[in-house]
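There are 2 protein chains.
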Amino acid sequence: MNQVEMTQVLRQAGYRLTQPRLAILQVLEENDEGLSPEEVHQQGRAICASLGLVTVYRTLDLLTELGLVRRVHSEQRCQGFASAGSDRHYLICEGCHRVIEFPCHGLEALIESVRQQTGYTINAHLLELSGLCPECQMGQAA
Amino acid sequence: MNQVEMTQVLRQAGYRLTQPRLAILQVLEENDEGLSPEEVHQQGRAICASLGLVTVYRTLDLLTELGLVRRVHSEQRCQGFASAGSDRHYLICEGCHRVIEFPCHGLEALIESVRQQTGYTINAHLLELSGLCPECQMGQAA
DNA sequence: GTGTATTTGAAAATAATTTTCAACAAGACA
DNA sequence: TGTCTTGTTGAAAATTATTTTCAAATACAC
Ligand SMILES: [Mn+2]
Ligand SMILES: [Mn+2]
Ligand SMILES: [Zn+2]
Ligand SMILES: [Zn+2]
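Chains as they are written, first to last, in numbering that gives the first Met the number 0: chain A, 0 to 141; chain B, 0 to 141.
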């Protein structure tokens, strides 16, 4: 989802399009590695000089509720936020920490078998793959 | 892995078997829902009265490094720790927050296809399913 | 433009985590 | 079993992260 679409979601949900919110959206749009609130704040101030850290926290919460932003978990860092597509399948580069999403097909059979074996109903999943992106593989080879 | 096996891993890695560590291992063993450091501390004091919260943090770090404990992530809470088996596939009950592990087969094809489409090398994955355990399903029906 | 309800940022409050360090205890060895 | 040595502990302090409060600012409906 791009920034324009995101602002429409905000508006339609009855929220105002403020400078701080637009700045935060833009920062998330321009970064795909999952930024911490502090990092969003730093970068956001380049766009909206008065931007406060408190507003970053509030806005990340809001955007997460609206599904515009997702939290990126990893063993080291659980406070990464990135702009969200529709699914929850990320591929994280261990070298540069870039995060991309991938379409997830073929999980259905696994989920069904877990359901049968455990008796659980399953209504959500999070799949995170980690490795090295092509660029970082080059770097390693060198 | 049970508590006895865990203590052996600790010993073999050259760490001392202290009362605080044993207490924390026992707490994790007895709980499968993923406890926060604070919760581990509360329960641990019933076993080792002098147990300090600082030691809980230190020990959870240590046990995680040794692979005896794993962190359980979820949107609400990323600081859950549970004793670890060999894999990283959890099934989390949204009702009672119990966490169990499941054997994960059938992810290979998906991973291979992501590798081909993205050019990433993939060397780890985290799959978290969430839903309702049988008991909590009963509760909901009532 | 004006009015009004939402939103903001600074400051303060609170919560979470880490560092420091003197006292303690695990376990090697006599 | 009784030292001795070194890893380990917990209290306190320091640091960091997050939330609350509230008066001032501003988005936007009219
Ligand atoms: Mn999927
Ligand atoms: Mn997490
Ligand atoms: Zn990379
Ligand atoms: Zn349950």
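The beta carbon of each residue, even a glycine, is placed where N, CA and C say it ideally should be. Computed from a predicted model, the values in this text were never measured in an experiment.
Per DSSP, cross-strand counterpart(s) of residue i
i	result
B/Leu-125	A/Glu-127
B/Thr-63	Answer is none; B/Thr-63 lacks a bridge partner.
B/Glu-100	B/Tyr-89
B/Val-68	B/Ser-82
B/Thr-120	A/Leu-131
Any non-hydrogen atom of ligand 3 within 6 Å of residue i CB
i	result
A/Arg-97	yes
A/Gly-130	no
A/Gly-94	yes
A/Cys-47	no
Nonlocal neighbours in the same chain, by C-beta distance under 8 Å from residue i, ignoring five residues either side
i	result
A/Val-68	Leu-27, Leu-59, Leu-62, Phe-80, Ala-81, Ser-82 and Ala-83
A/Ala-12	Leu-65
B/Gln-78	Ser-35, Pro-36 and Arg-70
Limits of the alpha helix (DSSP H) - the one that residue i falls within
i	result
B/Ala-22	18–29
B/Ala-81	It is not in any alpha helix (DSSP H) - B/Ala-81 instead sits in the beta strand (DSSP E) that spans 79–82.
B/Ser-49	Element bounds for B/Ser-49: n/a, residue is neither H nor E.
B/Ser-112	107–117
A/Gly-43	36–44
B/Cys-135	133–140
B/Glu-4	2–11
Cutoff 7 Å; reference residue i; Cβ partners in own chain excluding five residues on either side
i	result
B/Gln-2	Leu-24, Gln-25 and Glu-28
A/His-18	This sequence places Gln at residue 18 of chain A; His is not what is there. Excluding residues within five positions, the ones whose Cβ falls inside 7 Å are Cys-47.
A/Cys-132	Cys-92, Gly-94, Cys-95 and Arg-97
A/His-88	Glu-100, Phe-101, Cys-103 and Leu-126
B/Val-8	Leu-65 and Leu-67
Contact test: residue i Cβ vs ligand 4 heavy atom, cutoff 6 Å
i	result
B/Cys-103	no
A/Cys-77	no
B/Cys-135	yes
Residue i: first and last residue of the uninterrupted beta strand (DSSP E) it sits in
i	result
A/Ile-91	88–92
B/Arg-15	Per DSSP, B/Arg-15 belongs to no beta strand (DSSP E) and is neither H nor E.
Sequence-distant residues of its chain with Cβ nearer than 6 Å to residue i (five each side left out)
i	result
B/Thr-6	Leu-16
B/Ser-129	Ile-91 and Glu-93
Ligand 6 heavy atom lying under 6 Å from the CB of residue i
i	result
B/Leu-62	Inclusion of ligand 6 in the displayed structure is not the case, the ligand content consisting of ligand 1, ligand 2, ligand 3 and ligand 4 alone.
Between the segment 92–103 of chain A and the segment 93–103 of chain B, do at least 3 Cβ pairs fall closer than 8 Å?
Taking a cut-off of 8 Å on C-beta distances, the segment 92–103 of chain A does not touch the segment 93–103 of chain B, as fewer than three cross pairs fall below it.
Three or more C-beta pairs below 8 Å linking the segment 118–134 of chain A and the segment 30–39 of chain B:
no
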